[in-house]
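Undergrad:
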Amino acid sequence: MFSGGTNNPYDDIVNKTTDENLTSENWELILNLCDKVDEDGSEGAHNVIAAVLKRLAHRNPNVQLYALSLAEALSKNCAIDLKREIASRAFTQGLEKLVTDRNTHEKVKRRALGLIAMWTDDFAHDSTLGVMEDCYNSLKAKNFKFEAAQEGVQVLQQLARVPQQQPRHHLAPNHPQQFQVQATTAHTPNPNTKLVMHLLGPLPR
Numbered sequence: 459m460f461s462g463g464t465n466n467p468y469d470d471i472v473n474k475t476t477d478e479n480l481t482s483e484n485w486e487l488i489l490n491l492c493d494k495v496d497e498d499g500s501e502g503a504h505n506v507i508a509a510v511l512k513r514l515a516h517r518n519p520n521v522q523l524y525a526l527s528l529a530e531a532l533s534k535n536c537a538i539d540l541k542r543e544i545a546s547r548a549f550t551q552g553l554e555k556l557v558t559d560r561n562t563h564e565k566v567k568r569r570a571l572g573l574i575a576m577w578t579d580d581f582a583h584d585s586t587l588g589v590m591e592d593c594y595n596s597l598k599a600k601n602f603k604f605e606a607a608q609e610g611v612q613v614l615q616q617l618a619r620v621p622q623q624q625p626r627h628h629l630a631p632n633h634p635q636q637f638q639v640q641a642t643t644a645h646t647p648n649p650n651t652k653l654v655m656h657l658l659g660p661l662p663r
C-alpha cells in the first residue's frame, strides 16, 4: 500500500516533526500538519501515514516515539480518511513489527501497545477500521500486555466529542506516565483551546 520508491511530499515535514534532536514535540508543526492533511483529503492522509511509517522503521527510539505521537495527533485531529490509513494493513503491520522487534526500546513498545489499544477502542464503532482490532488480537495472542488507558486519554476523548458547529479543537496526544509528561493548557487570543503535552527530557539512551 505504501510505496517507498516515489517522492513523498510529506517526507520533509514529517522528518522535521520527528527529528531525533528535538527535546519536545513541535506543536506548531504538528497542528499545521494536521490542517494540511485534511486540506489534501485522502491523498494527504495516505502520504502522511506513509511518511510516518518510514520514521517508525528508524532505529533511533526518539524518532520512533515522536512518530507515534504524531500518528496519535493526526488520528485525533484529522478526518476519516486519516483514520482509514491508521487502520490500514500496511500501517498496522508496521506497528506489529515495531512491537515484536527485540531491538525496539521497551518504552517505544509500551507506547505503541498503548496506542494500538486506544485505536482499537476508538475504531470499534466502524467495521471498516477493523484491521486495528486484528492487530490488537494478534499481539495479545503473542502474550503482549496492553496497559490500561490513561486518564488523559479519557479527557481528550471527551473534548473530541464537542459538537461540530463549535470552533475546532486541536487535540494533542496523551503520553503514558513513563514519559514524565507535564500537561498545560495554552491560552490563545482565539477561542480554540490547545491541550499541549511537553516531554521533560529526551529519552535515556
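The sequence shown maps to residues 459 to 663 in our numbering.
Glycine included, each C-beta is placed from N, C-alpha and C at the ideal position.
1. Expressed to the nearest angstrom, what Euclidean distance is found between the alpha-carbon atoms of residue 599 and residue 577?
2. Can you tell me whether DSSP reads residue 596 as helix, strand or coil?
3. Does the Cβ-Cβ distance between residue 587 and residue 570 come in under 8 Å?
4. I'd like the span of the alpha helix (DSSP H) that includes residue 490, first residue to last.
5. CB-CB under 7 Å to residue 594, same chain, minus the five flanking residues each way: which ones, in chain order?
6. With DSSP as the reference, label residue 550 as helix, strand or coil.
7. Let me confirm a value: residue 547 is counted as buried when at least 16 other C-beta atoms fall within 10 Å, else exposed. Which label applies?
8. Using the Cα positions of residue 501 and residue 560, report the straight-line distance between them to the nearest angstrom.
9. Can you name, in chain order, every residue of its own chain whose Cβ lies under 7 Å from the Cβ of residue 648, other than the five neighbours on each side?
10. Which runs of the alpha helix (DSSP H) at least 4 residues long sit entirely within the region 519-566? Give them in chain order.
TA: This is what the structure gives:
1. The alpha-carbon atoms of residue 599 and residue 577 are separated by roughly 18 Å.
2. helix
3. no
4. 485-514
5. 574, 575, 578
6. helix
7. Residue burial annotation: residue 547 is exposed, with fewer than 16 other C-beta atoms found within 10 angstroms of its C-beta.
8. 33 Å
9. Low per-residue confidence applies at residue 648: pLDDT is 40, beneath 50, and the placement is therefore not dependable, though the value from the model is reported in the following sentence. Cβ neighbours of residue 648 beyond the five flanking positions: none.
10. 519-535, 538-544, 547-558
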